[in-house]
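Undergrad: Before I ask anything, let me first share the structure, which is written out below as C-alpha cells.
2 protein chains.
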Amino acid sequence: MTGGKDLSNGIRRNDRLMADGRTIRYYDTADQKRNAPDLRPVEEQAGIGELRLDPLVNEWVVVAAHRQGRVFLPPKELCPLCPTTGELLTEIPERDFEVVVFDNRSPSLRPPTGDWALPDQIGPDTDIGTAAGKCEVICFTADHGKSFKDLTPARVRTLLEAWVDRTEELSHEPFIEHIALFENRGEEVGVTLSHPHSQIYAYSYLPPRVEKMLGVAKAHKEVNGRILFDEILAREIRDEERIIARNDRWIAFVPYASRYPFEIHVAPLNPVADLATLSEADRDAFPEIALEVMKRLDGVFGIEMAYVATWHQAPVRTGRDVLRLHWQITSVRRAPGKLKYLAGSESAMGAFIMDMRPEQSAAQLREVKL
Amino acid sequence: MTGGKDLSNGIRRNDRLMADGRTIRYYDTADQKRNAPDLRPVEEQAGIGELRLDPLVNEWVVVAAHRQGRVFLPPKELCPLCPTTGELLTEIPERDFEVVVFDNRSPSLRPPTGDWALPDQIGPDTDIGTAAGKCEVICFTADHGKSFKDLTPARVRTLLEAWVDRTEELSHEPFIEHIALFENRGEEVGVTLSHPHSQIYAYSYLPPRVEKMLGVAKAHKEVNGRILFDEILAREIRDEERIIARNDRWIAFVPYASRYPFEIHVAPLNPVADLATLSEADRDAFPEIALEVMKRLDGVFGIEMAYVATWHQAPVRTGRDVLRLHWQITSVRRAPGKLKYLAGSESAMGAFIMDMRPEQSAAQLREVKL
C-alpha cells in the first residue's frame, strides 16, 4: 500500500506503510519524496474491542480495554507525533511534514476481519458486537508547540483537503456508517498527547447524538417540508447578535441555545451534507474564517483555551438530504480560573445548565482585537 | 412557613424561614428545638432563568446567567454549608444539625410566578420559556471534612427519609415533571462547595436522558410485555460477575455496558417507581448497602474518588408503570493519576468509549477489604 494521488489545490498525497502494517499518508503542497522507512521494531497490535448495548437508552458503548496502557502525556522529547530525529523514532518516519494522517496505534474502533454485522438491538439480551470502524490521527504541524490558530492559511487549506480526502475514502468502506473529525486541545478535555493533532472516528453505527439529530431533522422536514439546519442558519443571520465572523461563503456564530460557556458553530452558507461535497470555492474560503474563529477564542481571556472542535457531517448512507455539515467548537473554560464541568444535571440527566447568555459570549468573542 | 411533620422511623421535620424568604427544613431523629433565626442581611434574589430549545436535537437548555457569580470553592472557614458559629453566619442558622434541606441560593430552576407553561417545541422558532422548577441543597453532616461513607447507618436512614419526603412534596407541585437527586463529590466533577452535600433538581420538563429512557422502556413493554429495568436486573443477577454487594432487599452492580471507569447501579429487589413509593423495609435496608458501596469505591485506589451519585426516578406524571428507581454512581477516576474525560466522541457524538471492562471494574470493587 504505497502509492499517491493528486488532490485539489495542487496537493499531493503519498502513502507509505509503517513497520507494523499501518498506513501513513503524507499530504504535501509541493512534490516531496516521502520515502523514509519506519525503523521501529514491530509491536503486536491489540485485538478489536467490544460493542455492548446500554439497554436503558438503547445506545452502543464501545469497550476497548486494550487502550488503557496507551501513551499518556509523554514529555516533549518523547513525543510520538513529532517528526523522527536521530534520537527518536516516532510515528512519522520523515524528518519533516506538512499534514500526515495515519492509522491510530491504540484505536477504539478497528476494521473488522471477515463477515461483520451489528447485532439487533433487543434490550438486555442483545449479543456483544465488535467495535468495528476506524480511528486515524492527523498531524498538521511538525512544530510541537504550535496550535491550529498559528497555522498559515495554506496549511489550513491542506489540512482541510486531508479531512475531505479521508471522508471521501472512508465513506466507501462497507463497515462505516458515520465519520466524525475532532480536534481536542488541552488537558482539561483529556488530551493525552499535547502535540497538536486532530482525529478521525469512523463509526460502524450511528452515534447517539447523530441518531437524535437525524430523527429531529427528518420529523422537521416531514412537518414543515424544510431542512432544519437551513432554518437555524436563517434565524442566526436574522438575529445577527450571535454572529462572530463571516465571509462570502462561511458564517460563524454562537448558537441560540449553546451548551458551553463558549460554543461556536461554523457553517458554509451553501449547505452541503459533508466535507466531501464541499465546493472548491468553499474549501478555499475556509482557512480565513477558521483562523479568525480560533484567534477570537484564545483572545477572550488571552490564554490557550481548551476546546473540542468537531466536524458534524451527514451519515454515510442515510439522512444525506436532511443533515448538514457544520464545525462545532466547544470550550469548557468559563473564566480564567474556572471550568464548566458536566455534573449531575448534564451527565446523568442530559439536562444542560448554562451560566452565561449566548449573546454575552458572542459579544466577548466579537470584541477580541485580532 | 414554619411548622413540623412526623415522618417514618421517628424522624421529625421542622421548617423555618430564612432571612430572604427561603425555607430551611431540619430533619432530626430526636426532638430538637430548631429556632435559631437567620441573622444575615436580606440579599436581593436573582430572577428566573430562560429555557431555550436546542433545535438540532429538540432539547431544552437552561440559561441561568445570574449564577455566574455564585460562591466558588470558598476556604473552610467561610463555608456556607457549615453550621452558624459566633464568627460566621451561614446558610444553616443552627449551631448543629443532622440533615437539613434548604432552597438553593443560586438556583438554576425556580418556582414560576403566575401562569406558567412550557412553550411548544417547534424548531428554531420556539419561544423562550422560563426555567421553572426547584433546586434544593441537602446537608447531611455538620462536619466539613466528612464524606457520605463516614456517616452512621442511622444518619443515612435520616438522609434517605429527607430524600423521600422532598420527592413526595415536590411531586405535588403542578410545575414539576421530574425530580432528580444528586451528590457530586470532588473538584474533578465541578464541585464548587467542598462541604459534603446533595442536591435536588426538580425540572419542569423531562430531562433528555429521562425522555430517552422513557421512550425505550415504553417500546420494550409494547413489544415484550415486560418492564425493561426488571429484565436488566434479572440479567445482572443471572450473570453474577458484575455484582459488587447485596443484601435481602437491595443489589449493587457494575452495569453490563457501563460508561465510566467506575459505575455502580444500586436498586431495590422489589422494584418501585420512585423514592416516595419505597417500602419501610427497603428504606431500613438501604444504609448498609449504600455505605458498603461508597467504601468499596474509595477503597479501590485508597483515595477519595470523585463521583456523581444520582437517584433516577420515574417522572412525576408519566411512565410510572415502566421506569424504576435506581441509584447510579459514576466516577471519572480511571487510575490514581488519570481521569476519564468526555472528549470528542462522548461530548459531540454521545458515543462512549470505555477503556476498562465492566467485569474488571466489578472485580476491583469486590476485592476491596472493608
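Going down the list, the sequences are from chains P and W.
Take 0 as the starting number for the first sequence in numbering that gives the first Met the number 0 and just add one per residue.
Take 0 as the starting number for the second sequence in numbering that gives the first Met the number 0 and just add one per residue.
Note that beta-carbon positions come from the ideal geometry of N, C-alpha and C, so glycine has one too.
All figures in this text were calculated on a predicted structure; none of them were measured in a lab.
1) Determine whether the Cβ of residue 96 of chain W lies closer than 9 Å to any Cβ atom of chain P.
2) Using 9 Å as the threshold, is the C-beta distance between residue 248 of chain P and residue 280 of chain P below it?
3) Only counting the same chain, and skipping five residues up and downstream in sequence, which positions put a Cβ closer than 8 Å to that of residue 271 of chain W?
4) Quick check: the segment 324 to 333 of chain W against the segment 29 to 46 of chain P, are there 3 or more CB pairs under 8 Å?
5) Spell out a yes or no on whether the segment 210 to 227 of chain P and the segment 148 to 164 of chain P are touching, meaning 3 or more CB-CB pairs, one atom from each, closer than 8 Å.
6) How big is the Cα-Cα spacing for residue 124 of chain P and residue 217 of chain W?
7) Under 9 Å, Cβ to Cβ, is there at least one residue of chain P near residue 59 of chain W?
8) Which one of W/199, W/195, W/176, W/184 has the shortest CA to CA distance from residue 205 of chain W?
9) What ranges does the beta strand (DSSP E) occupy inside the segment 82 to 112 of chain P, keeping only unbroken runs of at least 3 residues that lie completely in it?
10) For the segment 70 to 83 of chain P, which residues have a CB atom closer than 9 Å to at least one CB atom of chain W, in sequence order?
11) Are the segment 284 to 298 of chain W and the segment 185 to 192 of chain W in contact at 8 Å, needing three or more beta carbon pairs?
12) Can you check whether the C-beta of residue 354 of chain W is within less than 9 Å of a C-beta belonging to chain P?
13) For residue 45 of chain W, which of helix, strand or coil comes out of DSSP?
14) Would you call the CB atoms of residue 179 of chain W and residue 348 of chain P closer than 9 Å?
15) Between residue 88 of chain W and the rest of its own chain, which residues show a CB-CB distance below 7 Å, the 5 nearest in sequence each way excluded?
16) Could you pull out every residue in the same chain whose Cβ sits closer than 6 Å to the Cβ of residue 318 of chain P, ignoring the five residues on either side in sequence?
17) Who are the neighbours of residue 53 of chain P on chain W, taking C-beta pairs under 9 Å?
18) Starting from residue 202 of chain W, find everything on chain P with Cβ-Cβ shorter than 7 Å and list it in chain order.
19) Within the continuous alpha helix (DSSP H) that includes residue 157 of chain W, where are the two ends?
20) Note down the Cα distance separating residue 228 of chain W from residue 243 of chain W, rounded to an integer number of angstroms.
21) How many whole angstroms separate the CB atoms of residue 255 of chain W and residue 230 of chain W, which I take to be in contact at a CB cut-off of 8 Å?
22) I need the DSSP call for residue 302 of chain P, collapsed to helix, strand or coil.
23) Tell me, which residues are paired with residue 128 of chain P by DSSP?
24) When the Cα atoms are used, what is the spatial distance from residue 155 of chain W to residue 99 of chain W?
25) Measure the beta-carbon distance from residue 265 of chain W to residue 251 of chain W and round it to whole angstroms, keeping in mind my assumption that it falls under 8 Å.
26) Unbroken beta strand (DSSP E) runs of length 3 or more, entirely within the segment 302 to 348 of chain W: which are they?
27) Which chain P residues are close to residue 337 of chain W, counting only those with a beta carbon under 8 Å from its beta carbon?
28) Could you name the residues of the segment 302 to 326 of chain P whose beta carbon sits closer than 7 Å to any beta carbon of chain A, in the order they occur along the chain?
29) Rounded C-beta distance between residue 63 of chain W and residue 10 of chain P? I'm assuming under 8 Å.
30) Mind pulling the chain P residues with CB within less than 8 Å of residue 234 of chain W?
31) To which residues of the same chain is residue 170 of chain W closer than 6 Å at the C-beta, ignoring the five residues directly before and after it?
32) Using 8 Å as the threshold, is the segment 291 to 298 of chain P in touch with the segment 141 to 152 of chain P, meaning 3 or more CB pairs across them?
33) Please confirm if the segment 92 to 108 of chain P is in contact with the segment 25 to 37 of chain P, defined as three or more CB-CB distances below 8 Å between the two stretches.
34) According to DSSP, simplified to helix, strand and coil, what is residue 402 of chain W?
35) At a CB-CB cut-off below 7 Å, which residues of chain W make contact with residue 66 of chain P?
36) At what residue ranges does the segment 207 to 233 of chain P contain a whole run of the alpha helix (DSSP H), taking only runs of 4 or more?
TA: In short, the structure shows the following:
1) Position 97 of the second sequence, counted from the start, is the residue given in the question as residue 96 of chain W. Residue 96 of chain W does not count as touching chain P.
2) Residue mapping note: residue 248 of chain P aligns to position 249 of the first sequence, counting from 1. Residue mapping note: residue 280 of chain P aligns to position 281 of the first sequence, counting from 1. Yes.
3) Locating residue 271 of chain W in the second sequence gives position 272, counting from the first residue. Answer for residue 271 of chain W: 277, 278, 281, 323, 324, listed in chain order.
4) no
5) no
6) The residue you call residue 124 of chain P lines up with position 125 of the first sequence. The residue you call residue 217 of chain W lines up with position 218 of the second sequence. Cα to Cα, residue 124 of chain P sits roughly 17 Å from residue 217 of chain W.
7) Translated into the one-based positions of the second sequence, residue 59 of chain W becomes position 60. Yes, its Cβ sits closer than 9 Å to a Cβ of chain P.
8) Along the second sequence, one-based indexing puts residue 205 of chain W at 206. Looking at the Cα atoms, W/176 is the closest of the given residues.
9) 98 to 102
10) 71
11) no
12) In the second sequence, the residue the question calls residue 354 of chain W occupies position 355. So yes, residue 354 of chain W belongs to the interface.
13) In the second sequence, counting from the first residue as 1, residue 45 of chain W sits at position 46. Coil.
14) As a first step, residue 179 of chain W must be located in the second sequence, where it is residue number 180. As a first step, residue 348 of chain P must be located in the first sequence, where it is residue number 349. The answer is yes: Cβ separation under 9 Å.
15) Against the second sequence, residue 88 of chain W aligns to sequence position 89. Closer than 7 Å at Cβ, skipping near neighbours: 38, 39.
16) By 1-based counting over the first sequence, the position of residue 318 of chain P is 319. Excluding positions up to five away in sequence, the list reads 213.
17) For the purposes of this step, residue 53 of chain P is identified with residue 54 of the first sequence, where counting begins at 1. Correct list: 254, 255, 256, 257, 258, 351.
18) Here residue 202 of chain W refers to the residue found at position 203 when the second sequence is read from its first residue. Under the 7 Å cutoff, chain P gives 350.
19) Your numbering for residue 157 of chain W matches position 158 in the second sequence. From DSSP, the alpha helix (DSSP H) with residue 157 of chain W extends over 152 to 170.
20) The sequence position of residue 228 of chain W within the second sequence is 229, counting from 1. The sequence position of residue 243 of chain W within the second sequence is 244, counting from 1. In a straight line, the C-alpha of residue 228 of chain W is about 18 Å away from that of residue 243 of chain W.
21) Translated into positions along the second sequence, residue 255 of chain W becomes position 256. Translated into positions along the second sequence, residue 230 of chain W becomes position 231. Not a contact, Cβ separation roughly 12 Å.
22) On the first sequence, position 303 is the one that residue 302 of chain P refers to. Coil at residue 302 of chain P, not helix or strand.
23) Numbered from 1 along the first sequence, position 129 holds the residue referred to as residue 128 of chain P. Residue 128 of chain P pairs with P/50.
24) Locating residue 155 of chain W in the second sequence gives position 156, where the first residue counts as 1. Locating residue 99 of chain W in the second sequence gives position 100, where the first residue counts as 1. When rounded, the distance between both Cα atoms is 13 Å.
25) Taking the first residue of the second sequence as 1, we reach residue 265 of chain W at position 266. Taking the first residue of the second sequence as 1, we reach residue 251 of chain W at position 252. Indeed they touch by this definition, with Cβ atoms about 5 Å apart.
26) 306 to 311, 325 to 330, 332 to 334
27) Looking up residue 337 of chain W in the second sequence gives position 338. Those are 71, listed as they occur along chain P.
28) Among the protein chains of the structure shown, namely P and W, there is no chain A.
29) Locating residue 63 of chain W in the second sequence gives position 64, counting from the first residue. Locating residue 10 of chain P in the first sequence gives position 11, counting from the first residue. 47 Å between Cβ atoms; not a contact.
30) Numbered from its first residue, the second sequence carries residue 234 of chain W at position 235. Correct list: 123, 124.
31) As a first step, residue 170 of chain W must be located in the second sequence, where it is residue number 171. Result list for residue 170 of chain W: 315, in chain order.
32) yes
33) yes
34) The shown model of chain W, from 0 to 369, leaves out residue 402 of chain W, and the question about it has no answer.
35) Position 67 of the first sequence holds residue 66 of chain P. 354, listed in chain order.
36) 207 to 223
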